[in-house]
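What follows is a single structure, written as structure tokens, with notes after it.
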Amino acid sequence: MQSIKTVTVLEIVETVSRLCMEANYYLRSDVLKSFHEKQEMEISQAGKDALKQLILNAKIAAEDRIPICQDTGFAVIFLEIGQDVRITGGNLYDAVNEGVRKGYIEGYLRKSIVEHPLRRKNTRDNTPAVIHAKIVDGENIKITVAPKGGGSENMSALRMLKPSEGVEGVKKFIIETIKLAGPNPCPPLIVGVGIGGTFEKCAALAKEALLRELGKPSDIPDIASLEIELLDEINSLGIGPQGLGGRTTALAVHVEIYPCHIATLPVAVNINCHAARHKEAIL
Amino acid sequence: MPPIKLTTPLNDEIIENLRIGQKVLLNGAIYTGRDTAHKKMVELLDQGKPLPIDLKGQIIYYVGPSPAKPGQIIGSAGPTTASRMDVYTPRLLALGLKGMIGKGKRTPEVIKAIKQYKAVYFAAVGGAAALISRCIKSCDVIAYPELGPEAIRKLYVEDFPVIVINDSLGGDLYEEGLKIYAIK
Chain G
-4 MQSIKTVTVL EIVETVSRLC MEANYYLRSD VLKSFHEKQE MEISQAGKDA LKQLILNAKI
56 AAEDRIPICQ DTGFAVIFLE IGQDVRITGG NLYDAVNEGV RKGYIEGYLR KSIVEHPLRR
116 KNTRDNTPAV IHAKIVDGEN IKITVAPKGG GSENMSALRM LKPSEGVEGV KKFIIETIKL
176 AGPNPCPPLI VGVGIGGTFE KCAALAKEAL LRELGKPSDI PDIASLEIEL LDEINSLGIG
236 PQGLGGRTTA LAVHVEIYPC HIATLPVAVN INCHAARHKE AIL
Chain Z
-7 MPPIKLTTPL NDEIIENLRI GQKVLLNGAI YTGRDTAHKK MVELLDQGKP LPIDLKGQII
53 YYVGPSPAKP GQIIGSAGPT TASRMDVYTP RLLALGLKGM IGKGKRTPEV IKAIKQYKAV
113 YFAAVGGAAA LISRCIKSCD VIAYPELGPE AIRKLYVEDF PVIVINDSLG GDLYEEGLKI
173 YAIK
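Structure follows, in structure tokens:
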């Protein structure tokens, strides 16, 4: 009989904990590279100055091992679990939450989660996480920690369009959402878009789109063109870095699609601030 | 336009000279407060009770810092979205609050109150939280310690970089920025 690969919950706790800290201390290198490029190109002086502060901020955060942003976010965890791996020593979801607890306490990260959305008492350890698990081929577990801040989440939106509204309706809704958000979600933004699926699938696609390497185009040619068009339109709005005016409103637009029902055309826009954080590991 | 240095408390004369787009390096004492602290202060006012801080001439910084590591004065401390405080702000401006630091748009009611009571709304760079923490030289919890990151703190800041978004003439830098840079 073939031996089955095992991963202990202890390994999962340690990995999630480490990734929570690293994601919050170290700005993604693709985002930092984009800051440098955009700072050169930005025509607004206030916008240029804001980007300069963000570059310096990333340096200080990494040097001092402190969070890039005080809002260290909701711990959103993506798990890709190979169907040939066995998890031993306890419950997987408990292990992920224990990792978040450990990472946020030992890493001096802010605890931003309230246990009841209406009564709003802080859980004091940033748990529970939001966990998206997927079963995939193979015998590995891929863990991605993507802390998500409240400010940019608040400006995100989903709309169920009529199929007759088509690509023009989709574009209009996305541009409207970014316009309405203005300076609030801390531009320059990364715009994650989901088109298709069901109501909840569409929102999940928009979130997953944020994980893609910055500016890497979609594999689907017409969607890749749509991404370019949207980025161009967003950067023509004039919002600029921090909303102070300028041409760098978004660093990238990533669109993910999924088949949908004959009666529907769902569109979700998940806005990420410039502090786009995610770190991953494979066990 | 080079930045100007200002020291708290603020008065009408200082405020009247500030214009949108002016870069400012803030010095002196400022207070922190966000959603829950604002709610609690307005509840006290409704009950006719005194506030835990005297707001006259003061600045409130909308921030919920991350915890300080050992040896640190404060954790990362960038601005939070100001619009969540909009419903409470005119009441506090009427009591003599002179300045606010946050990020993002204010409502027309707040912009009107900023003009009426001669105040100013500054933005700090959202997400520049590690950089800003280096400008904070002391930090003491003054009220509502049970709120954790949302407690009211008194900070002493040195050369804290901000920019004027809404001035006492009713100006709005966000609107001006759009007018200048939007490609029609």
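In order, the protein sequence lines correspond to chains G and Z.
Every letter in the first sequence is one number past the one before it in the working numbering, and letter 55, counting from 1, is 50.
Every letter in the second sequence is one number past the one before it in the working numbering, and letter 184, counting from 1, is 176.
A virtual CB, placed ideally from N, CA and C, is assigned to each residue, including glycine.
- Taking 8 Å as the threshold, the shortest C-beta distance from residue 120 (chain Z) to chain G falls below it.
- With at least 16 other beta carbons inside 10 angstroms of its own, residue 58 (chain Z) counts as buried.
- Here the C-alpha atom of residue 27 (chain Z) lies approximately 48 Å from the C-alpha atom of residue 0 (chain G).
- Taking C-beta separations shorter than 6 Å and ignoring five residues to either side along the sequence, the partners of residue 73 (chain G) in its chain run 127, 139, following chain order.
- The straight-line gap separating the alpha-carbon atoms of residue 135 (chain G) and residue 7 (chain G) is approximately 12 Å.
- Think of a sphere of 7 Å around the beta carbon of residue 123 (chain Z): the chain G residues whose beta carbon falls inside it are 48, 51, 52, 55, in chain order.
- G:262 is the residue among G:185, G:262, G:141 whose C-alpha sits nearest the C-alpha of residue 167 (chain G).
- For residue 75 (chain G), the uninterrupted beta strand (DSSP E) run begins and ends at 69 to 77, by DSSP.
- Put simply, the CB of residue -1 (chain G) is far from chain Z, with every gap to its CB atoms at 8 Å or more.
- The beta carbon of residue 162 (chain Z) is closer than 7 Å to those of 103, 107 in its chain, skipping five residues each way along the sequence.
- The residue from Z:118, Z:30, Z:147 with its alpha-carbon nearest to that of residue 18 (chain Z) is Z:147.
- Burial is judged here by how many other beta carbons sit within 10 angstroms of a residue's own beta carbon; residue 175 (chain G) has fewer than 16 and is exposed.
- In this structure residue 23 (chain Z) does not touch residue 155 (chain Z) by the C-beta definition: roughly 20 Å separates them, more than the 8 Å allowed.
- Between residue 208 (chain G) and residue 248 (chain G) a beta carbon distance of about 14 Å is seen, past the 8 Å cut, so the two are scored as non-contacting.
- Interface with chain Z (8 Å Cβ-Cβ cutoff): residue 64 (chain G) is included.
- For residue 123 (chain G), same chain residues with a beta-carbon under 6 Å away, outside a window of 5 residues either side, are 92 in chain order.
- Here the C-alpha atom of residue -5 (chain Z) lies approximately 5 Å from the C-alpha atom of residue 16 (chain Z).
- For residue 105 (chain G), the residues of chain Z that pass the 9 Å Cβ criterion are 56, 57, 58, 59, 67, 68, 140, 141, in the order they occur in the chain.
- In the structure shown, the three-state DSSP call for residue 193 (chain G) is coil.
- Nearest to residue 82 (chain Z) by alpha-carbon distance, out of Z:33, Z:139, Z:5, is Z:33.
- Residues of chain G whose Cβ lies closer than 8 Å to the Cβ of residue 130 (chain Z) do not exist; the shortest such Cβ separation is about 18 Å.
- Shown here, residue 134 (chain G) sits in coil according to DSSP, grouped into three states, outside any helix or strand.
- Looking at the backbone, the Cα of residue 245 (chain G) and that of residue 125 (chain Z) are separated by about 26 Å.
- Excluding its 5 nearest sequence neighbours in each direction, residue 255 (chain G) has C-beta neighbours in its own chain below 7 Å: 191, 192, 261, listed in chain order.
- A direct Cα-to-Cα measurement between residue 278 (chain G) and residue 139 (chain Z) gives close to 38 Å.
- The beta-carbon of residue 164 (chain G) is placed no less than 8 Å from the nearest beta-carbon of chain Z.
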